[in-house]
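Structure first, commentary second.
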Amino acid sequence: MDNLTSVLENVLGSLAKMVSEVAQDKMTRLLAEVYQQYYVAKEFKEPIKSSIALVDAGIYPLDMDIARVLYIQIGALVRDSEGKLRTINIVPGLEKYPSVERIILTVTRRRTFSEGSLKHVFEVRIQTPERSSLLLESDSEAQRISKEITEILRELGLTVELRRPSLYRKLARYIEGLIELAYGIKLAKYGNLSASLIDGTLIRWLRPKRKSSKYKIDGLDILSAILSSSTSKVKKQCIDKLAGLAKTTTFTTLARAMKIFEPKLKQGRYELYTLINKHSLPSIKMLLETVEEKGFEGCRIPREVIEDVVKKLSTKVYPAHELWVSRFPLTMDGEHIMVLDVYTEKPPIGFIQEGKARFLKTFPLITEETNKRVDTIVKEAFSAKSPLPGRPPTGFMEIDENVRVYGDLRKLFEAHLTAAALNISKRDKELSKILLQIIKGSLRLRLGYGV
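Put into structure tokens, the structure is as follows:
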């Protein structure tokens, strides 16, 4: 074991050296300079007591060569203005819904000939065994949503290499993320809550190749289909009612955030968060424009790199509907860095398409609105904190326990799956044998040959 420690020490030493070298490259130094100007550290004071939902989902994926089936357990705890945690079924307006909702999401692919070529078509089906569902109000509603999402995926014009058609796995995970957002929006609406805080980032990517580079629809259309609402209404609900909190982040984000908080930490202040320094936006814009024209520290910096720097601050997640996510590092113990995400209808600073050209622009009004929103959600979310490392909001760890798909629950799900296949054998024995073999094979891939 001593030798193992020595080897691991060598590995970590190499990583530390690499990080140190990366910190010296010009792009990293440019990003660090922009970071220092963009954010301002604030001390956490004057918590706001309000009713807020803490949302999380646990998943159990079953992979087949033609489909991915996700068993999803989604739920929330509502923390009231007194700091007490309540399951949603005892919150006024939400009494008839289960505290943890079960969703079965299936994404399948099939080959089809179209216009003389072989293509893959993706189909989505969302179902629930719940008698009363917050997300799917009836079987007919579930069918309508499934059909609409399938049509949206076709309109997206996804292209898939015939030898690598596994995009359906990414689609399943992406749609699962949108289900979490839809659940949070409905909770806030029906429960008359201040906000829904999603466990994890709001940056949900689906960036496959398309037949056309022109964006006409995107993930917001799928979210709107799940909510049976217009994209304009859903866009506003995302901005007003949703936030995400990532409890872990990248090493580079940790290092840059600690640099921002360093002066306050030296003063013995440990509960800190960030807002945008609106007064620095013009100087950041001038810096980046100058860098593009004249270079940085004697080195030419291409436009693509400058755009990547800006995207670290605010990135467009729904291109067709112009919706961004802005990110805000924070710490509640001076050691662990978390990142709060909020939606914005424009970036505080970003490249905007005007005609055939893209220009760097600042949006002071958006910046003010975003700062107010972040200030409020931080004071609401952290008005009650867990004693666990990092001191996340009270309720996050508890809801994680409620929705996590543990071993016993996985076995129960697998038993139901096998029983369903055996029921099919009463109608079609050959098909049942095929299904059972697929199910058993998928379980062995996940759990080994002990199943």
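The numbers in the sequence shown follow our numbering, run straight up by one, and end at 445. Just so you know, even glycine gets a beta-carbon here, dropped at the ideal spot from N, CA and C.
Residue i, DSSP secondary structure in three states
| i | result |
| --- | --- |
| residue 197 | coil |
| residue 261 | coil |
| residue 211 | coil |
| residue 395 | helix |
| residue 338 | strand |
| residue 238 | strand |
| residue 355 | strand |
| residue 418 | helix |
| residue 100 | strand |
| residue 331 | coil |
| residue 95 | strand |
| residue 105 | strand |
| residue 204 | Low confidence applies here, because residue 204 scores a pLDDT of 49, under 50, leaving its location unreliable and the question unanswered by this model. |
| residue 0 | helix |
| residue 85 | coil |
| residue 409 | helix |
| residue 188 | coil |
Beta-carbon proximity check, residue i vs residue j, cutoff 8 Å
| i | j | result |
| --- | --- | --- |
| residue 306 | residue 25 | yes |
| residue 56 | residue 169 | no |
| residue 134 | residue 90 | no |
| residue 311 | residue 148 | no |
| residue 339 | residue 233 | yes |
| residue 325 | residue 255 | yes |
| residue 193 | residue 394 | yes |
| residue 267 | residue 38 | yes |
| residue 236 | residue 175 | yes |
| residue 32 | residue 399 | no |
| residue 87 | residue 186 | yes |
| residue 331 | residue 251 | yes |
| residue 95 | residue 68 | yes |
For residue i, the nearest candidate out of the options (CA to CA)
| i | options | result |
| --- | --- | --- |
| residue 231 | 242, 127, 240, 218 | 218 |
| residue 446 | 274, 233, 329 | The question about residue 446 has no answer, for the chain in this structure spans -5 to 445. |
| residue 286 | 257, 354, 268 | 354 |
| residue 58 | 101, 78, 380 | 101 |
| residue 359 | 376, 341, 348 | 341 |
| residue 44 | 67, 336, 374 | 374 |
| residue 396 | -2, 10, 36, 48 | 48 |
| residue 381 | 347, 404, 327 | 327 |
| residue 78 | 46, 347, 386, 106 | 46 |
For residue i, the first and last residue of its enclosing alpha helix (DSSP H)
| i | result |
| --- | --- |
| residue 367 | 358 to 375 |
| residue 184 | 161 to 184 |
| residue 148 | 133 to 149 |
Host beta strand (DSSP E) of residue i (start-end)
| i | result |
| --- | --- |
| residue 320 | 317 to 325 |
| residue 348 | 343 to 348 |
| residue 73 | 61 to 73 |
| residue 81 | 79 to 81 |
Chain B contact for residue i (CB, 8 Å cutoff)
| i | result |
| --- | --- |
| residue 105 | In the displayed structure, chain B is absent; only one protein chain is listed. |
Completely contained alpha helix (DSSP H) runs for the stretch 254 to 314, where each covers 4 or more residues: 275 to 288, 297 to 305, all fully within the stretch 254 to 314.
Can you check the stretch 8 to 59 for any alpha helix (DSSP H) of at least 4 residues that lies completely inside it and give the ranges in chain order? The stretch 8 to 59 contains, as complete alpha helix (DSSP H) runs of 4+ residues, the segments 20 to 32 (chain order).
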